[in-house]
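For the record, the sequence lines run as chains A and B. Heads up: the first sequence is residues 1 to 164, going by UniProt numbering. Heads up: the second sequence is residues 1 to 164, going by UniProt numbering. Yeah, the Cβ is synthetic: ideal placement off N, Cα and C, and Gly gets one too. As structure tokens, the structure follows; a few thoughts come after it.
There are 2 protein chains.
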Amino acid sequence: MEPVDPIDARLLQALGEEPRATVVALAERLGLARNTVQARLTRLEARGVLGSFDRRIEPAALGHPLRAYVTTRVEQRRLAEVTTALARIPEVVEVVGLAGDDDLLVQVVARDADALYSIAGSLLAVPGVERTSTALVMRQLVPFRLDPLLARRANSDDTSTRPG
Amino acid sequence: MEPVDPIDARLLQALGEEPRATVVALAERLGLARNTVQARLTRLEARGVLGSFDRRIEPAALGHPLRAYVTTRVEQRRLAEVTTALARIPEVVEVVGLAGDDDLLVQVVARDADALYSIAGSLLAVPGVERTSTALVMRQLVPFRLDPLLARRANSDDTSTRPG
DNA sequence: GACGAGGTTGAGCACTATGGTCGCCGTAGC
DNA sequence: GCTACGGCGACCATAGTGCTCAACCTCGTC
């Protein structure tokens with residue numbers, strides 16, 4: 001994916017501070033023409049820079065305040081099959097494939113400890129899953145954020161990938 | 001956090017399908033009065049149901065296509081100090097405290113493998129950090145999603161927490 | 001140096017949405 | 001029976017939208 005340029009970064013920063021800001025408000029704030037902001041927003045969406053809206057929703061607000069990471073080892077050749085089965089479990093909110101000892105990292109949410117226990121059971125019951133290890137999230141110490149990276153990109157002078 | 005009611009869930013579902021939908025469009029779609037939708041949206045934001053806008057931004061679009069989970073063990077009594085230090089590293093996008101052998105799970109993003117390597121070094125260099133283990137995310141098999149839970153809540157008949 | 005592609009700009013257009021307030025009404029709880 | 005709350009529909013003035021246009025400017029290419 002092509003990285004965004006500094007102007008887009010500033011746009012995203014502004015949106016971060018005021019997600020419901022209107023296009024004209026953003027244009028004023030950034031010192032750009034309304035037209036430009038509108039065009040750039042459209043392009044950002046089209047390029048897939050913005051992920052699904054779901055990512056902004058707090059699972060706790062859906063009655064699932066518990067969050068856990070389940071590291072999972074699977075029979076390698078049944079990986080696709082396992083992925084499909086995991087996707088069918090509503091409480092599984094994300095699955096990523098890892099490099100290393102564990103094959104999958106499964107992020108799950110649950111209503112309470114009891115529910116979490118049975119979800120962990122559901123994971124183990126999936127054919128192809130060999131071993132799981134559940135790590136409960138007790139506290140979010142640094143909430144998800146991208147502003148430091150946004151700020152860096154907004155302040156870079158050119159449009160190419162610069163610092164580390 | 002108080003869970004949302006089925007109407008709010010349907011509202012969030014609709015937003016998920018069309019994040020930039022106007023209030024009137026949402027009202028039409030849900031068969032509600034515009035006034036109601038507006039009031040509910042305001043309440044949703046006020047209640048903190050919606051997290052930061054950053055969560056929708058794809059780190060790859062910021063020039064950081066690599067993502068890794070770093071499990072970290074720290075000197076327990078220096079936890080706060082360590083958290084602060086980690087928060088100062090731009091590539092650290094989230095830190096959660098875990099129950100179990102590992103104390104922290106640190107989500108980092110990086111420009112390339114080289115950058116990732118030096119970020120891992122930065123983590124280890126934080127005073128109080130005893131041991132780290134980096135797991136590179138190779139593929140997102142199930143992208144983050146909440147729609148199954150939203151759908152369940154949207155279809156439940158009452159406003160209290162129901163099924164598991 | 002001329003060329004075209006692509007992005008930015010300001011203007012203008014008809015249409016629509018916004019945020020605010022109002023009174024009315026049904027439901028749930030006391 | 002009363003109150004609190006949420007939904008409703010209506011109204012208003014203001015503001016934003018999505019769109020098109022022609023005029024730039026700055027690249028990189030030929």
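Are the Cβ atoms of residue i and residue j separated by less than 8 Å?
i	j	result
G128(A)	R153(B)	no
A68(B)	L116(B)	yes
V137(A)	V96(B)	yes
R55(B)	R56(A)	yes
R77(A)	E130(A)	no
L150(A)	P59(B)	no
V106(B)	L123(B)	yes
Using the rule of at least 16 other Cβ atoms within 10 Å of the residue's Cβ for burial, across every protein chain shown, is residue i buried or exposed?
i	result
T22(A)	exposed
A27(A)	buried
I2(A)	Before going on, a small fix: residue 2(A) reads as Glu here, not Ile. Exposed.
D8(B)	buried
V82(B)	buried
Q13(A)	buried
V24(A)	exposed
E94(B)	buried
S160(B)	Low per-residue confidence applies at S160(B): pLDDT is 39, beneath 50, and the placement is therefore not dependable, though the value from the model is reported in the following sentence. S160(B) should be labelled exposed.
A33(B)	exposed
A110(B)	buried
E91(A)	buried
E18(A)	exposed
D158(A)	Only weak support is given to the placement of D158(A): the predicted model assigns it a pLDDT of 48, under 50, and the value that follows is read from those uncertain coordinates. Exposed, since its Cβ has fewer than 16 Cβ neighbours within 10 Å.
N155(B)	exposed
Assuming residue i and residue j are in contact, meaning their beta carbons sit under 8 Å apart, how far apart are those beta carbons, in whole angstroms?
i	j	result
residue 165(B)	V126(B)	The question about residue 165(B) has no answer, for chain B in this structure spans 1 to 164.
S133(A)	T36(A)	Not a contact, Cβ separation roughly 50 Å.
A99(A)	A135(B)	7 Å
L66(B)	D112(B)	6 Å
L11(A)	R40(A)	6 Å
**Item:** Inter-stretch contact at 8 Å, needing at least 3 Cβ pairs: the segment 34 to 51 of chain B / the segment 42 to 51 of chain A
**Value:** no
**Item:** Entirely enclosed alpha helix (DSSP H) segments - the segment 62 to 97 of chain A, minimum 4 residues
**Value:** 79 to 87
**Asked** Does the segment 75 to 88 of chain A touch the segment 130 to 149 of chain B, meaning 3 or more C-beta pairs lie closer than 8 Å?
**Response** yes
**Asked** Fully enclosed by the UniProt domain "HTH asnC-type" (4 to 65) of chain A, which beta strand (DSSP E) runs are 3 residues long or longer?
**Response** none
**Within the segment 108 to 156 of chain A, ranges of the alpha helix (DSSP H) (whole runs, at least 4 residues)** = 113 to 125 and 147 to 155
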